[in-house]
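Trainee: For the record, the sequence lines run as chains B and F. According to the numbering used here, the first sequence is numbered sequentially starting from -1. According to the numbering used here, the second sequence is numbered sequentially starting from -1.
2 protein chains.
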Amino acid sequence: MKISEAAASSGVSAKMIRHYEEIGLLPPNVRRDNSYRDYGISEIHELRFIRRARDLGFGLSDIGKLLDLWRNKARHSFDVKALARAHAAELTRKISEMEGMRDTLEQLAKACNGDNRPDCPIINDLASKP
Amino acid sequence: MKISEAAASSGVSAKMIRHYEEIGLLPPNVRRDNSYRDYGISEIHELRFIRRARDLGFGLSDIGKLLDLWRNKARHSFDVKALARAHAAELTRKISEMEGMRDTLEQLAKACNGDNRPDCPIINDLASKP
DNA sequence: TCCAACTTTACAATTATGGGATAGTTTACC
DNA sequence: GGTAAACTATCCCATAATTGTAAAGTTGGA
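1) Given B/Ile15, which residues of its chain have a CB within under 7 Å of its CB, disregarding the five upstream and five downstream residues?
2) If you draw a straight line from the alpha carbon of B/Met99 to that of B/Pro26, how long is it in whole angstroms?
3) Going straight from the alpha carbon of F/Gly62 to that of F/Leu54, what length do you get?
4) In terms of residue numbering, what span does the alpha helix (DSSP H) encompassing B/Asn78 cover?
5) Skipping 5 residues on each side, what residues in its chain have a beta carbon closer than 8 Å to that of F/Leu89?
6) Should the stretch 104 to 119 of chain F be called in touch with the stretch 33 to 53 of chain B, which here means at least 3 C-beta pairs below 8 Å?
7) Near B/Asp123, what residues of its chain come up, given a Cβ to Cβ distance below 7 Å and the 5 sequence neighbours on each side ignored?
8) Under 7 Å: does the beta carbon of F/His43 sit that close to some heavy atom of the ligand SAM?
9) What did DSSP end up calling B/Arg30 once you bin it into helix, strand or coil?
10) Helix, strand or coil for B/Arg115? Go by DSSP, reduced to three states.
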C-alpha cells in the first residue's frame, strides 16, 4: 500500500505519516525499489492507534509511550491507566482554566452595552487590572 | 524605566516585551543614547493591558485589535463586545471538545483494572477504533 | 578601574501540522 | 512506445507564543 492509501485508510495525512517516522514515533519504513514507502495492515493499525490517541488529545510523547505499551504484551495495565488518568487530569486543569476565562468574559460582556458609545467594561477591565 | 523594571511592574517578560515590539503589537520604543529601551507609565499600562488580555486567553491578533480599540476614543463598545463574545464562544467550543476527551478517558480508565495484567480497555479502544 | 549585572541582537527550540518547490516514479491512455 | 497526469520523495518554510542561549556592548557600584 502506498502512503496516500495508508493515509486514506488511517485518517493520518501522508505528511504526518512521514513526520511520525522521522521523529521516531514509527519505525523506519521498508522502501520498495522505487524508494516509495510501503504499508501493510499492521502499519495501518499503528496509524489508526495514533490517530485515535490524537483525537483523545494525547501529545506525541504520550503516544510514543502508549505505542510501546501496546506493542509490549507483558505490559501492566496500570501503566496505561496512569497515562490516561494523568492526561485526563491535565485536560480537567485546562478546562477549568478556560472556564474561568470564559466566565469572566461573559460577565464582562453582559455588562457591556454593545452600542455606538465607547464606554465598555471589557476595555476597562483590561486596562485597569494590575 | 529600563526593560527589566518594565517587565517586573507589568508582568510581561523582557523577552516578550521585545517580541511584542518586533511583531508590531507595540510601537517601536524610543531608545536612550545607550540604545537601551526606555519605558514610562503609559507603556506600563499598555503592557498590563496585554498581560490581562493574555490571561483571558486572547491571541495576539485579537490583542492587537483590542489595543486599537482601547486607544481609539471614538470606538464603539459593540466592537469590543463582539471580540469578547467570539473569544468566549471559541473557549466554549474548546472546552466541550476537551470535556469529550476527558469523559471518554475517564470512562475507559474506570473500566481498566490497573493491575499487573496486560488486558486494558484503554489500549483496546485505541487499537480498535476505525 | 574592574566586575557583576544589565542590555542588545540574532538564532534556535518547543508542538503539531500544513504548504510549497523540485526532482524522480508510476500509471493510464493514445 | 511515448506522453501527460498523478503520485512520491526530500527539503525548507510557516504557524503561535514563549523560552533559551550566545556574543557583544553598557552601566553602576566597590
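Ideal Cβ placement from N, Cα and C applies to all residues, glycine included. Predicted model only: the values in this text are computed from it and were never measured.
Mentor: If we stick to the structure as given:
1) Stepping through the first sequence from its first residue, residue 15 of chain B is reached at position 17. Annotation for B/Ile15: Ile1, Ala4, Ala5, Leu45 place their beta carbon closer than 7 Å to its own, counting only its chain and skipping 5 residues before and after.
2) The residue given as residue 99 of chain B occupies position 101 in the first sequence. The residue given as residue 26 of chain B occupies position 28 in the first sequence. Looking at the backbone, the Cα of B/Met99 and that of B/Pro26 are separated by about 43 Å.
3) As a working note, residue 62 of chain F is residue 64 in the second sequence. As a working note, residue 54 of chain F is residue 56 in the second sequence. Rounded to whole angstroms, the separation of the alpha carbons of F/Leu54 and F/Gly62 is 14 Å.
4) Along the first sequence, one-based indexing puts residue 78 of chain B at 80. With the sequence shown as reference, residue 78 of chain B is identified as Val, and Asn is not the correct amino acid for it. 75 to 108 is the extent of the alpha helix (DSSP H) around B/Val78.
5) Translated into positions along the second sequence, residue 89 of chain F becomes position 91. Within the same chain, Cβ atoms closer than 8 Å to the Cβ of F/Leu89 are found at Gly55, the five residues on either side in sequence being excluded.
6) Using a C-beta cut-off of 8 Å, the stretch 104 to 119 of chain F makes no contact with the stretch 33 to 53 of chain B, since fewer than three inter-stretch Cβ pairs fall below that distance.
7) Your numbering for residue 123 of chain B matches position 125 in the first sequence. Leu106, listed in sequence order.
8) What this structure holds is no ligand at all, so the ligand SAM is not there to describe.
9) What you label residue 30 of chain B is simply residue 32 of the first sequence in a count that begins at 1. In the displayed model, B/Arg30 falls within coil according to three-state DSSP, outside both helix and strand.
10) As a working mapping, residue 115 of chain B is identified with position 117 in the first sequence. Here B/Arg115 carries a coil assignment [DSSP, helix/strand/coil].
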